[in-house]
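S.K.: Here it is, the structure, as structure tokens.
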Amino acid sequence: MHKLNCFIISNLQKLYICSMKNFFSIILTLLCFSCENDIDINAEWLDIPVVYAILDSGTQEDADGSAFEMPSSSINFNFDEDSEPDYNSVHFIRVQKSFLGSGSAYIYANSSDSIYYNEQEISVWVELVDPSWSDDVIPAKIPLELVNDIDLQALDIIKDDGLFNSEKYHLYKLPVSVSDLCQGACDNIYKDYKICILNPSTGDTVFSQTNIVQPLSMFRPVPRGSRSILRLGSDNTPISIEINPSRNAKMYSISLTFNYLEQPRDSFLFDKENNLTLPTSGVVQKSVTWTFSDVVVTDQDQLNGSGNYIKKTFYGPEFFAFLQSNISEQDLSQPEFYRYPLYSFFQNNNDGVVAGIYHRCVDLNITAVNSELYTYLSANGPNYGFNQERPEYNNITNGIGHVSARSILNMNNLRINQEAGDSLAFGQYTKKLNFGCYSNLGTSGLTVDFGYYCE
6 MHKLNCFIIS
16 NLQKLYICSM
26 KNFFSIILTL
36 LCFSCENDID
46 INAEWLDIPV
56 VYAILDSGTQ
66 EDADGSAFEM
76 PSSSINFNFD
86 EDSEPDYNSV
96 HFIRVQKSFL
106 GSGSAYIYAN
116 SSDSIYYNEQ
126 EISVWVELVD
136 PSWSDDVIPA
146 KIPLELVNDI
156 DLQALDIIKD
166 DGLFNSEKYH
176 LYKLPVSVSD
186 LCQGACDNIY
196 KDYKICILNP
206 STGDTVFSQT
216 NIVQPLSMFR
226 PVPRGSRSIL
236 RLGSDNTPIS
246 IEINPSRNAK
256 MYSISLTFNY
266 LEQPRDSFLF
276 DKENNLTLPT
286 SGVVQKSVTW
296 TFSDVVVTDQ
306 DQLNGSGNYI
316 KKTFYGPEFF
326 AFLQSNISEQ
336 DLSQPEFYRY
346 PLYSFFQNNN
356 DGVVAGIYHR
366 CVDLNITAVN
376 SELYTYLSAN
386 GPNYGFNQER
396 PEYNNITNGI
406 GHVSARSILN
416 MNNLRINQEA
426 GDSLAFGQYT
436 KKLNFGCYSN
446 LGTSGLTVDF
456 GYYCE
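Residues 6 to 460 in the working numbering are what the sequence shown lists, from first letter to last.
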């Protein structure tokens with residue numbers, strides 16, 4: 006028994022001694038060969054351009070309101086004074102440098118030479134490409150126009166304040182010859198836009214190619230006529246937003262914005278005491294936006310710009326319940342605020358619309374994006390899983406950034422009828438929001454009341 010124990014101890018000691026010898030040998034080797042102890046975490050400097058562009062084709066509707074019936078010359082809807090489709094013809098491309106160095110990133114970001122190319126350093130152009138062309142077809146190179154910071158300010162495009170230097174800030178713009186993304190045929194868009202940047206110092210051509218989203222067009226609602234009215238006062242009648250499918254549109258984002266005026270109690274009492282038209286004093290314009298779930302298209306016919314309408318359906322009570330949740334309720338015996346739907350007026354029979362009181366207080370906003378932008382948004386959306394790492398998405402060859410396309414429609418000043426206005430004033434969801442109710446006084450205009458005077 007003792008011999009066995011001695012054998013075990015002896016072997017353990019040998020194992021320990023051998024392990025320690027190996028350990029000291031490793032330490033000695035490291036000491037002899039570790040003359041360089043500095044670690045350079047920065048890779049070798051590379052000139053990598055950063056490119057961003059989202060080309061917006063606009064809409065085939067005259068959606069800014071210029072085709073609406075005019076209720077009064079005193080109401081300004083920011084008309085563009087034409088009845089033409091609101092196509093977009095101004096398209097910008099941002100080209101900048103990436104930077105890497107041993108100094109502070111804040112210092113580099115604040116140096117214009119670190120983040121902006123000198124326009125003499127690079128060549129930037131666009132090519133219109135038919136995807137069906139063979140590889141031996143060489144498209145024309147159309148130079149982009151440089152737009153400096155002064156010209157951008159004249160266009161009311163001002164760089165936000167922040168860490169990045171604004172000196173020498175500039176963008177590139179598509180020239181007039183290719184600014185019509187439809188190229189004169191919005192019903193048959195077939196050419197892609199390829200943005201290219203050549204940096205002679207590296208010899209690399211940076212590029213990205215995107216298809217174009219066909220400009221949005223609507224079946225319902227439309228800017229004028231009976232289909233321009235949102236009949237929110239009918240509890241059991243569904244309200245449909247129906248969009249003609251746009252070619253190359255993978256996802257549609259839809260929202261309704263309700264616009265209203267808010268007047269403090271003191272200002273309301275002042276107007277009443279001085280026989281002023283309500284509301285006149287202390288008025289603030291406000292809005293709330295109801296965003297629907299996105300519509301992602303999988304039907305090939307719709308992706309090709311045909312097939313069934315892209316549709317969102319809801320009921321009036323859902324809309325009013327949204328307002329109830331997003332606008333503060335009032336003590337109706339002594340309300341803090343008095344509220345009015347925007348642009349209230351009496352309209353005669355016109356263009357299939359029944360005479361009555363209407364309120365142009367709802368804006369319809371739709372954005373249709375192509376597959377590239379849909380993928381980018383999906384990759385950068387909220388991550389609710391346990392793995393918080395996001396997949397990187399970059400569609401720039403020899404560079405980093407993103408190029409894609411979309412179509413935006415902003416159909417402002419859609420009407421709700423008097424039934425909807427009454428529901429707003431004393432309906433079950435919104436009666437505590439203290440919106441006024443309206444009645445017609447003929448040639449003298451409208452009168453507005455509140456509280457129990459409405460019911």
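The beta-carbon is built from N, C-alpha and C at its ideal position, and this holds for glycine as well.
Note that the structure is a prediction, hence the values are computed from the model and not measured.
1. Which word fits Y458, buried or exposed, when buried means at least 16 other C-beta atoms lie within 10 angstroms of its C-beta?
2. Taking 8 Å as the threshold (C-beta atoms), are Y92 and D185 in contact?
3. Determine, using beta-carbon pairs with one atom in the region 51 to 71 and one in the region 413 to 429, whether at least three such pairs fall under 8 Å.
4. For a test of the three-state rule: what should DSSP assign to A384, helix, strand or coil?
5. Rounded to a whole number of angstroms, what is the C-alpha to C-alpha distance between N470 and T303?
6. Does the beta-carbon distance from F275 to Y177 come in below 8 Å?
7. From which residue to which residue does the alpha helix (DSSP H) around A326 run?
8. Using alpha carbons as the reference points, say which of A360, H364, F455 and V55 lies closest to Y348.
9. Given L179, which residues of its chain have a CB within under 7 Å of its CB, disregarding the five upstream and five downstream residues?
10. The alpha helix (DSSP H) with K277 in it runs from where to where?
11. Just to confirm the assignment: which complete beta strand (DSSP E) runs, minimum length 3, are found wholly within the region 294 to 323?
12. Whose C-beta lies closer than 6 Å to the C-beta of G406 among residues of the same chain, with five residues either side of it excluded?
13. Leaving out five residues on either side along the sequence, give the residues of the same chain with a beta carbon under 8 Å from the beta carbon of C442.
14. For a minimum of 3 consecutive residues, which ranges assigned as the beta strand (DSSP E) are wholly contained in the region 115 to 139?
15. Would you list, in sequence order, the uninterrupted beta strand (DSSP E) runs of no fewer than 3 residues that lie entirely inside the region 186 to 260?
16. Beta-carbon separation of T262 and V367 under 8 Å?
17. Check whether the region 257 to 273 touches the region 294 to 301, taking contact to mean three or more Cβ pairs, one atom from each stretch, closer than 8 Å.
18. Once DSSP output is grouped into helix, strand and coil, what is the label at S349?
19. For T294, collect the residues of the same chain with a Cβ closer than 6 Å to its Cβ; drop the 5 residues on either side in sequence, then sort them by chain order.
20. Do Q268 and Y343 count as a contact pair if the criterion is CB distance below 8 Å?
21. Would the region 209 to 218 count as touching the region 227 to 235 if we require 3 or more Cβ pairs under 8 Å?
22. What residues match up with N445 in a beta bridge as DSSP calls it?
23. Excluding the five sequence neighbours on either side, which residues of its own chain have a C-beta within less than 8 Å of the C-beta of V183, listed in chain order?
24. Does DSSP put K102 in a helix, a strand or coil?
25. Measure the alpha-carbon distance for T372 versus N279 and round it to whole angstroms.
26. So I200 and V408 are supposed to be a Cβ contact under 8 Å. How far apart are they, rounded?
27. Could you check which residue in Q352, G310 and I59 has the C-alpha nearest to that of N193?
28. Taking the alpha helix (DSSP H) that V181 falls in, what are its first and last residues?
29. Which of the three DSSP states is assigned to Q158 in this structure?
30. State the DSSP-derived secondary structure class of K437, mapped to helix, strand or coil.
M.R.: According to the structure data:
1. Residue numbering aside, residue 458 sits at position 453 when the sequence shown is read from its first letter. Y458 is exposed by the Cβ-count criterion.
2. Counted from its first residue, the sequence shown places residue 185 at position 180. Counted from its first residue, the sequence shown places residue 92 at position 87. Yes, the Cβ-Cβ distance between D185 and Y92 is below 8 Å.
3. Contact between the region 51 to 71 and the region 413 to 429 is established, with three or more Cβ pairs separated by less than 8 Å.
4. Stepping through the sequence shown from its first residue, residue 384 is reached at position 379. Annotated three-state conformation of A384 is helix, per DSSP.
5. Outside the modelled stretch of the chain, which goes from 6 to 460, sits residue 470, for which no answer is possible.
6. The residue given as residue 275 occupies position 270 in the sequence shown. The residue given as residue 177 occupies position 172 in the sequence shown. Result no, Cβ atoms of F275 and Y177 do not sit closer than 8 Å.
7. Position 321 of the sequence shown, counted from the first residue, corresponds to residue 326. In the DSSP assignment, A326 falls within the alpha helix (DSSP H) that extends over G321 to N331.
8. Residue numbering aside, residue 348 sits at position 343 when the sequence shown is read from its first letter. Among A360, H364, F455 and V55, the Cα nearest to that of Y348 belongs to H364.
9. What you label residue 179 is simply residue 174 of the sequence shown in a count that begins at 1. Excluding residues within five positions, the ones whose Cβ falls inside 7 Å are H96, V131 and L149.
10. As a working note, residue 277 is residue 272 in the sequence shown. R270 to E278 is the span of the alpha helix (DSSP H), which, as asked, contains K277.
11. 315 to 319
12. In the sequence shown, the residue the question calls residue 406 occupies position 401. When the five nearest sequence neighbours on each side are left out, the beta carbons in the same chain lying within less than 6 Å of the beta carbon of G406 are those of V55, V56 and Y57, in order along the chain.
13. Counting from one through the sequence shown, the residue named residue 442 turns up at place 437. Within the same chain, C442 has close Cβ partners G426, D427, A430, F431, V453, D454, F455, Y458 and C459.
14. 128 to 134
15. 197 to 204, 209 to 215, 222 to 225 and 244 to 249
16. On the sequence shown, residue 262 is found 257 positions in, with the first residue counted as 1. On the sequence shown, residue 367 is found 362 positions in, with the first residue counted as 1. Yes, they are a contact pair.
17. yes
18. One-based indexing of the sequence shown puts residue 349 at position 344. Note: S349 maps to strand in three-state DSSP.
19. In the sequence shown, residue 294 corresponds to position 289, counting from 1. Within the same chain, T294 has close Cβ partners S260 and T262.
20. Counted from its first residue, the sequence shown places residue 343 at position 338. Counted from its first residue, the sequence shown places residue 268 at position 263. Cβ distance < 8 Å, so Y343 and Q268 count as in contact.
21. no
22. Translated into the one-based positions of the sequence shown, residue 445 becomes position 440. N445 is bridged to L451.
23. Here the question's residue 183 lines up with position 178 in the sequence shown. Contacts found: V131, L133, I147 and Y198.
24. Walking along the sequence shown from the start, residue 102 turns up at place 97. Strand at K102.
25. Numbered from its first residue, the sequence shown carries residue 372 at position 367. Numbered from its first residue, the sequence shown carries residue 279 at position 274. Rounded to the nearest angstrom, the two C-alpha atoms are 46 Å apart.
26. For the purposes of this step, residue 200 is identified with residue 195 of the sequence shown, where counting begins at 1. For the purposes of this step, residue 408 is identified with residue 403 of the sequence shown, where counting begins at 1. Sure, about 6 Å apart at Cβ, within 8 Å.
27. The sequence position of residue 193 within the sequence shown is 188, counting from 1. Cα-wise, what sits closest to N193 is G310.
28. What you label residue 181 is simply residue 176 of the sequence shown in a count that begins at 1. Residues V181 to S184.
29. Your numbering for residue 158 matches position 153 in the sequence shown. Three-state DSSP puts Q158 in a helix.
30. The sequence position of residue 437 within the sequence shown is 432, counting from 1. Residue state, collapsed to three classes: helix.
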